[in-house]
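A short worksheet on the structure shown next.
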Amino acid sequence: MNVPKHVAIILDGNGRWAKAKGMPRNYGHAQGSKNVERICEEAWRMGIKYLTVYAFSTENWNRPDDEVNALMKLLRNYMKTCLKTAAKNDMKVRVIGDITRLDEDIQKRILELEEATKNNSGLNFQIAINYGSRDEMVRAIRKLAKDCIDGKVNPEEIEEQTFEQYLDTKGIPDPDLMIRTSGELRLSNYLLWQLAYTEFYFTDVPWPDFSKEELEKAIEQYNHRDRRYGGVKEEEEQNV
0 MNVPKHVAII LDGNGRWAKA KGMPRNYGHA QGSKNVERIC EEAWRMGIKY LTVYAFSTEN
60 WNRPDDEVNA LMKLLRNYMK TCLKTAAKND MKVRVIGDIT RLDEDIQKRI LELEEATKNN
120 SGLNFQIAIN YGSRDEMVRA IRKLAKDCID GKVNPEEIEE QTFEQYLDTK GIPDPDLMIR
180 TSGELRLSNY LLWQLAYTEF YFTDVPWPDF SKEELEKAIE QYNHRDRRYG GVKEEEEQNV
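The opening residue of the sequence shown carries number 0 in numbering that gives the first Met the number 0; numbering runs sequentially from there.
Here you go:
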């Protein structure tokens, strides 16, 4: 089986999963957090080198205060758990997004986690926190514009690769496969630049129920896709 090098996942359906069980939405988020650990381990066993998950978007601040507060508490706890998991599995962790809006203690834990795992050689695990792709691109444009003004970059020499160096995902290959759980068929402002040639897989399974078997299904579907990157295969050219 051809395993994608980089898989990106939109972790959707935690709240609805919990409500269907008669539980509060926060219970779903907690269970979803635990499932992230399981899928990280399974992804590495399968041969996936990069895994990026959408944990908290720039739009998620619009949720009720009690839910946002619960998510921030969960994030604090997860940073501790993730540090242990990373040490156990030799996982390299990187957070993408604008972390400056987060409380200082969370920012500190994120930086400590990244520093502690930067030399690990296992799964490259990216967590999108306070992330929105449009926001990412605006921040990148501001930094690039400043470097142009300061004479560090010649505007006439700017190419796609130049711009990519200013994105949060600098140095990370674009995803080969994007998975969204829980039945929604949209990208929700996630990695819009990076997903230009990515294969998409949508499943009705909510994130807390997304298992090793579900990941295998997604990869199996990926193996049936014909990735042409705008071109055609050699045999198709011969038949034109």
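Positions of the beta carbon are idealized from the N, C-alpha and C atoms, including for glycine. Fair warning: this is a prediction, and the values are worked out from it, not measured in the lab.
Buried versus exposed call for residue i [16 or more other C-beta atoms within 10 Å across all chains shown]
| i | result |
| --- | --- |
| residue 206 | buried |
| residue 108 | buried |
| residue 120 | exposed |
| residue 16 | buried |
| residue 42 | buried |
| residue 240 | Nothing about residue 240 can be reported from this structure: the residues present for the chain run from 0 to 239 only. |
| residue 185 | exposed |
Contact check, residue i vs residue j, beta carbons under 8 Å
| i | j | result |
| --- | --- | --- |
| residue 36 | residue 84 | yes |
| residue 200 | residue 220 | yes |
| residue 197 | residue 213 | no |
| residue 160 | residue 174 | no |
| residue 101 | residue 28 | no |
| residue 130 | residue 171 | no |
| residue 134 | residue 57 | yes |
| residue 176 | residue 139 | no |
| residue 78 | residue 112 | yes |
| residue 157 | residue 128 | no |
Spatial distance of residue i from residue j (CA atoms)
| i | j | result |
| --- | --- | --- |
| residue 105 | residue 75 | 6 Å |
| residue 183 | residue 154 | 39 Å |
| residue 67 | residue 209 | 23 Å |
| residue 18 | residue 180 | 16 Å |
| residue 164 | residue 147 | 14 Å |
| residue 82 | residue 14 | 25 Å |
| residue 227 | residue 3 | 15 Å |
| residue 22 | residue 217 | 28 Å |
| residue 152 | residue 204 | 46 Å |
| residue 150 | residue 31 | 46 Å |
| residue 69 | residue 44 | 31 Å |
| residue 86 | residue 34 | 18 Å |
| residue 169 | residue 162 | 9 Å |
| residue 1 | residue 71 | 37 Å |
| residue 178 | residue 215 | 12 Å |
| residue 39 | residue 110 | 20 Å |
| residue 191 | residue 223 | 23 Å |
| residue 142 | residue 20 | 46 Å |
| residue 195 | residue 103 | 34 Å |
| residue 118 | residue 187 | 32 Å |
| residue 63 | residue 26 | 15 Å |
| residue 144 | residue 132 | 18 Å |
Sheet register partners of residue i (DSSP bridge)
| i | result |
| --- | --- |
| residue 217 | Answer by DSSP bridge pairing: none, since residue 217 is not bridged. |
| residue 93 | 125 |
| residue 198 | 176 |
| residue 51 | 7, 125 |
| residue 130 | 56 |
Discussion item. Between the stretch 115-131 and the stretch 83-96, can you find at least three pairs of beta-carbon atoms closer than 8 Å?
Written reply: yes
Discussion item. Using 8 Å as the cut-off, can you tell me whether the stretch 47-65 makes contact with the stretch 6-13, which would need three or more C-beta pairs spanning the two stretches below that distance?
Written reply: yes
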